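Protein chains in written order, with UniProt numbering: chain A, 1 to 219; chain B, 1 to 219. Idealized CB from N, CA, C, for every residue including glycine. It should be emphasised that the depicted structure is a prediction, and the values quoted were computed from it without experimental measurement.
Right under this line is the structure:
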């Protein structure tokens, strides 16, 4: 058990080191040597978990989508907004997510390594499909199509925020994106109840962390 | 006069060669040698017009925005849609525009070379400002803010279309972007009249080219 736990930790340390290097240098310029140095593990330990640079990049891409900050809400559309806004808050601070963005957008490496884009689009599709079943969404909305528009828009908003503000305005830009797309998606009676403020992500994260601290204290 | 005309042509040939090389290789990997070869001009001729790779890239970025396919319409918002849809039609076929997209998005070179993003955002801002004066736009719309959202979304839609379809679905994606953003922008009575179909750009271009052919025949 202790050995298995150590293996999980080593794997995570390697993945985090790989993410940091991919986020900084991109796929082509990243080397296993630098990832090794950064992870502080032996070559054998790294290769036990990941047998190549491709495997490392795929490992990073596999952990892009999580439910860590998902809180059930009365409106499924609010859950969708929350997913986007918590990601906008976390992205600039988390090398794992930054690496996912960079690897996914890399036109050279993505044929071999893959991309988190399909997984992101799936997240939107499934929120919108559930929202549609509940009547929160305008009748003509096709979840898969809207998910593709949102995917493109979200990637571009990331890019512009990175280039023009070093990520500092990502939450503001993301909030503006939601308020420019939701009127085409949400039923009017739902639209007025959605919270798309720039600090929405920070508030959801605080809520989840507080709940988790209370749960920890209660143990 | 003949000499001046020759100079204009040489400058254009050099710029088109530079655009093709920047579009294919990106800024860092492009060399003046390859641009020279492709342009078929002498080194002296190239350096007469552009004294460095930076100057060539800036030259390409300066010709990104044009009025070539602008047709006045009853609705300013239709003119804005037309600008976006004609660009979506032309982009995959024109190295000059592809180079503009690639250079503008290049996080390494854009600090030195610049970017067409501000010029694109200005185009949207000015269409939306005029549309607002005419009452075509919802009262709460701030043209500069909407222009920033649209800029990000448009860049991302380009990127996704390039990565996933080699640009083949750019018009479909762009049309979907407009239909997902316009309900947040256009007054309802205007919204129903806007043509955002995927082939809108092709139709506007055909209209302009036909008018220009007729004008030529009438001379």
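Use the C-beta contact count for residue i: other C-beta atoms within 10 angstroms, 16 or more gives buried, fewer gives exposed.
{"i": "residue 154/B", "result": "buried"}
{"i": "residue 16/A", "result": "buried"}
{"i": "residue 171/A", "result": "buried"}
{"i": "residue 152/A", "result": "buried"}
{"i": "residue 201/A", "result": "buried"}
{"i": "residue 98/A", "result": "buried"}
{"i": "residue 108/B", "result": "exposed"}
{"i": "residue 89/A", "result": "buried"}
{"i": "residue 213/B", "result": "exposed"}
{"i": "residue 42/B", "result": "exposed"}
{"i": "residue 140/A", "result": "exposed"}
{"i": "residue 31/A", "result": "exposed"}
{"i": "residue 80/A", "result": "buried"}
{"i": "residue 3/B", "result": "exposed"}
{"i": "residue 162/B", "result": "buried"}
{"i": "residue 147/B", "result": "buried"}
{"i": "residue 204/B", "result": "buried"}
{"i": "residue 193/A", "result": "exposed"}
{"i": "residue 102/A", "result": "buried"}
{"i": "residue 100/B", "result": "buried"}
{"i": "residue 9/B", "result": "exposed"}
{"i": "residue 217/B", "result": "exposed"}
Could you tell me whether the Cβ of residue i comes closer than 8 angstroms to any Cβ of chain A?
{"i": "residue 179/B", "result": "yes"}
{"i": "residue 87/B", "result": "no"}
{"i": "residue 152/B", "result": "yes"}
{"i": "residue 146/B", "result": "yes"}
{"i": "residue 103/B", "result": "no"}
{"i": "residue 100/B", "result": "no"}
{"i": "residue 110/B", "result": "yes"}
{"i": "residue 186/B", "result": "no"}
{"i": "residue 137/B", "result": "no"}
{"i": "residue 91/B", "result": "no"}
{"i": "residue 204/B", "result": "no"}
{"i": "residue 260/B", "result": "Outside the shown range of chain B (1 to 219) lies residue 260/B, about which nothing can therefore be said."}
{"i": "residue 176/B", "result": "yes"}
{"i": "residue 97/B", "result": "no"}
{"i": "residue 61/B", "result": "no"}
{"i": "residue 214/B", "result": "no"}
{"i": "residue 170/B", "result": "no"}
{"i": "residue 107/B", "result": "yes"}
Using 8 angstroms as the limit for Cβ to Cβ distance, is residue i near chain B?
{"i": "residue 75/A", "result": "no"}
{"i": "residue 162/A", "result": "yes"}
{"i": "residue 183/A", "result": "yes"}
{"i": "residue 173/A", "result": "yes"}
{"i": "residue 17/A", "result": "no"}
{"i": "residue 165/A", "result": "no"}
{"i": "residue 49/A", "result": "no"}
{"i": "residue 123/A", "result": "no"}
{"i": "residue 156/A", "result": "yes"}
{"i": "residue 149/A", "result": "yes"}
{"i": "residue 128/A", "result": "no"}
Which whole-angstrom value describes the C-beta separation of residue i and residue j, a residue pair presumed to lie in contact below a C-beta threshold of 8 angstroms?
{"i": "residue 75/A", "j": "residue 190/A", "result": "6 angstroms"}
{"i": "residue 82/B", "j": "residue 65/B", "result": "Actually they do not touch by this definition, with Cβ atoms about 14 angstroms apart."}
{"i": "residue 113/B", "j": "residue 58/B", "result": "6 angstroms"}
{"i": "residue 123/B", "j": "residue 186/B", "result": "Contact doesn't hold; Cβ gap of about 17 angstroms is too wide."}
{"i": "residue 78/B", "j": "residue 199/B", "result": "15 angstroms between Cβ atoms; not a contact."}
{"i": "residue 28/B", "j": "residue 159/A", "result": "Actually they are not in contact, since the Cβ atoms of residue 28/B and residue 159/A sit about 18 angstroms apart, beyond 8 angstroms."}
{"i": "residue 96/B", "j": "residue 63/B", "result": "6 angstroms"}
{"i": "residue 14/A", "j": "residue 46/A", "result": "5 angstroms"}
{"i": "residue 94/A", "j": "residue 125/A", "result": "Going by Cβ atoms, the distance from residue 94/A to residue 125/A rounds to 24 angstroms, so no, they are not a contact pair."}
{"i": "residue 184/B", "j": "residue 181/A", "result": "7 angstroms"}
{"i": "residue 35/B", "j": "residue 7/B", "result": "Contact flag wrong, Cβ pair sits at about 18 angstroms."}
{"i": "residue 173/A", "j": "residue 157/A", "result": "5 angstroms"}
Based on DSSP bridge pairs, tell me the residues matched to residue i.
{"i": "residue 217/A", "result": "Partner(s): none; residue 217/A has no beta bridge."}
{"i": "residue 186/B", "result": "137/B"}
Counting only beta-carbon separations shorter than 8 angstroms, does residue i have a partner in chain C?
{"i": "residue 70/B", "result": "Absent from the structure is chain C; the protein chains it does hold are A and B."}
Any chance the segment 127-138 of chain A sits against the segment 22-33 of chain B, with 3 or more Cβ pairs inside 8 angstroms? no
Can you find at least 3 beta carbon pairs, one from the segment 37-53 of chain B and one from the segment 160-175 of chain B, that sit closer than 8 angstroms? no
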